[in-house]
Amino acid sequence: MIRLSAITPSGQVHLGNYLGALRTWAREGTKDDVYFISDLHAMTASHNAQRLRSLTREQFAVLIACGIEPESTCVQSDLIRELGALNWVLECTCTYGEAARMIQFKEKSLGRESVRLSLLTYPVLMAADILLQGTAEVPVGEDQLQHVELARALARRFNHAYGDAFVVPTAVVPKVGARIKDLADPARKMDKSAQNSAGVVFVLDEPDLVRRKIKRAVSSTEGIANLTDVLASCTGKEPEDYTSRFADLKDVVAEAVIEELRPVRDRTLALLADPAELDRVRASGAARARDRAQHRLDAALRLSGLS
Ligand code: ATP
Ligand code: MG
921 MIRLSAITPS GQVHLGNYLG ALRTWAREGT KDDVYFISDL HAMTASHNAQ
971 RLRSLTREQF AVLIACGIEP ESTCVQSDLI RELGALNWVL ECTCTYGEAA
1021 RMIQFKEKSL GRESVRLSLL TYPVLMAADI LLQGTAEVPV GEDQLQHVEL
1071 ARALARRFNH AYGDAFVVPT AVVPKVGARI KDLADPARKM DKSAQNSAGV
1121 VFVLDEPDLV RRKIKRAVSS TEGIANLTDV LASCTGKEPE DYTSRFADLK
1171 DVVAEAVIEE LRPVRDRTLA LLADPAELDR VRASGAARAR DRAQHRLDAA
1221 LRLSGLS
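Numbering (the working numbering), first residue to last: 921 to 1227.
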């Protein structure tokens, strides 16, 4: 059974991404799954070309460094021809009303003077990501449920109108592990695109910087609860075990986080220092994803009256 998940290169990978997503992909994923860097989705808001390219490369290295099955990884834009083709077919299956109804679009476009058309249409591209690979299950947070519902509706509609081309995907909302909060502002979740990175621990931060960020974490009730969540997530123990046992919780948390991230950081840096190897892994993941997609794309084009 194929599962598919992605991370968007809108910023550097942080501790929340790692504990909440990448580590689970590494532990529970199989080589049938698809874990990818959604660089095309990162272009739905204003972006810098150089930064997008380097973040994509860096995030891809982090995926591999986390121990995710290399065969199951790829970079979205490495399939841009296949995705672009299917995207068109799916845009012709989707109505304007369906796209305009997406809550994320409403939220992200609210009050903005200039909104990229792709922000409106990217849920269709997301449907292409899902359907191209024959995905059965899409693990998502509540905020992405509506997008998976759209992919499901488009698959059904296409299959019904033109003939069976697609597996109809199901959204699964995993029992959430801790949502890691920003250390400097525990009312917010830790976020790649946060304005201020003082409370965001990046996977590639040097140990000293991790230590300083954690030492400066807010000590409110919420802040401490977040730290114990982080500690529990790093050590695999229950949060309650820690609340009062340690004289200086922050020191313990800092060392646990540094140890948890150390191998990931070391392997990422080694991969980034070996561009040929990184390119090889990336190309082979892309080739596999393309192979798996080809017959489905061919069928979709043929059934819809093309080629
Ligand atoms: P952005 O600001 O661009 O939305 P993000 O940090 O929310 O960045 P995403 O690319 O949206 O990252 O999400 C990648 C994965 O990381 C998703 O599976 C998401 O649920 C998970 N994730 C993101 N932030 C956290 C967090 N603070 N705690 C736990 N998991 C998180
Ligand atoms: Mg997000």
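All C-beta atoms in this analysis are idealised placements derived from N, C-alpha and C, irrespective of residue type, glycine included.
Euclidean distance between Cα positions of residue i and residue j
| i | j | result |
| --- | --- | --- |
| residue 1101 | residue 1110 | 5 Å |
| residue 1023 | residue 1168 | 43 Å |
| residue 1144 | residue 939 | 17 Å |
| residue 1181 | residue 1123 | 6 Å |
| residue 1153 | residue 1103 | 15 Å |
| residue 931 | residue 957 | 12 Å |
| residue 1071 | residue 1135 | 44 Å |
| residue 986 | residue 934 | 13 Å |
| residue 944 | residue 1051 | 23 Å |
| residue 1121 | residue 1174 | 10 Å |
| residue 1049 | residue 1018 | 18 Å |
| residue 1098 | residue 1047 | 28 Å |
| residue 1211 | residue 1089 | 20 Å |
| residue 999 | residue 1202 | 12 Å |
| residue 972 | residue 989 | 24 Å |
| residue 965 | residue 1142 | 32 Å |
| residue 1013 | residue 941 | 31 Å |
| residue 1131 | residue 1118 | 12 Å |
| residue 936 | residue 1129 | 16 Å |
| residue 929 | residue 1115 | 16 Å |
| residue 1156 | residue 1147 | 14 Å |
| residue 992 | residue 949 | 8 Å |
| residue 1025 | residue 1032 | 11 Å |
| residue 1185 | residue 1081 | 49 Å |
| residue 1067 | residue 1149 | 29 Å |
Residue of the options minimising C-alpha distance to residue i
| i | options | result |
| --- | --- | --- |
| residue 1091 | 1117, 1059 and 1078 | 1059 |
| residue 1037 | 1066, 1020 and 1052 | 1020 |
| residue 975 | 1192, 950 and 1088 | 1192 |
| residue 1196 | 977, 1032, 937 and 991 | 977 |
| residue 1087 | 1213, 995, 999 and 1155 | 1213 |
| residue 1061 | 1200, 1225 and 925 | 925 |
| residue 927 | 1029, 970 and 1064 | 1064 |
| residue 1189 | 967, 959 and 980 | 980 |
8 Å contact criterion, which residue i and residue j should meet: CB distance rounded
| i | j | result |
| --- | --- | --- |
| residue 1005 | residue 1217 | 6 Å |
| residue 1172 | residue 1151 | 7 Å |
| residue 1035 | residue 1011 | In fact, because the Cβ distance is near 17 Å, the residues do not count as touching under 8 Å. |
7 Å Cβ shell around residue i - same chain, five flanking residues per side excluded
| i | result |
| --- | --- |
| residue 1085 | 1078, 1079, 1216, 1219, 1220 and 1223 |
| residue 922 | 952, 953, 954, 1053, 1054, 1055 and 1056 |
| residue 1127 | 1178 |
| residue 1187 | 985 |
| residue 1042 | 961 and 964 |
| residue 1158 | 1152 |
Cut-off 6 Å between Cβ atoms - residues of its own chain near residue i, not counting five sequence neighbours on either side
| i | result |
| --- | --- |
| residue 1227 | 1221 |
| residue 994 | 956, 1205, 1206 and 1209 |
| residue 872 | Residue 872 lies beyond the stretch modelled for the chain, which goes from 921 to 1227, so this question has no answer here. |
Own chain residues within Cβ distance below 8 Å of residue i, not counting five before or after
| i | result |
| --- | --- |
| residue 996 | 926, 956, 957, 958, 959, 960, 961, 1003 and 1049 |
| residue 1039 | 964, 965, 1025, 1028 and 1029 |
Taking 5 Å as the limit, name every residue whose beta carbon sits nearer than that to some heavy atom of the ligand ATP, in sequence order. Cβ atoms closer than 5 Å to the ligand ATP belong to 927, 928, 930, 936, 937, 940, 941, 1061, 1099, 1100, 1109, 1110, 1111, 1112 and 1113.
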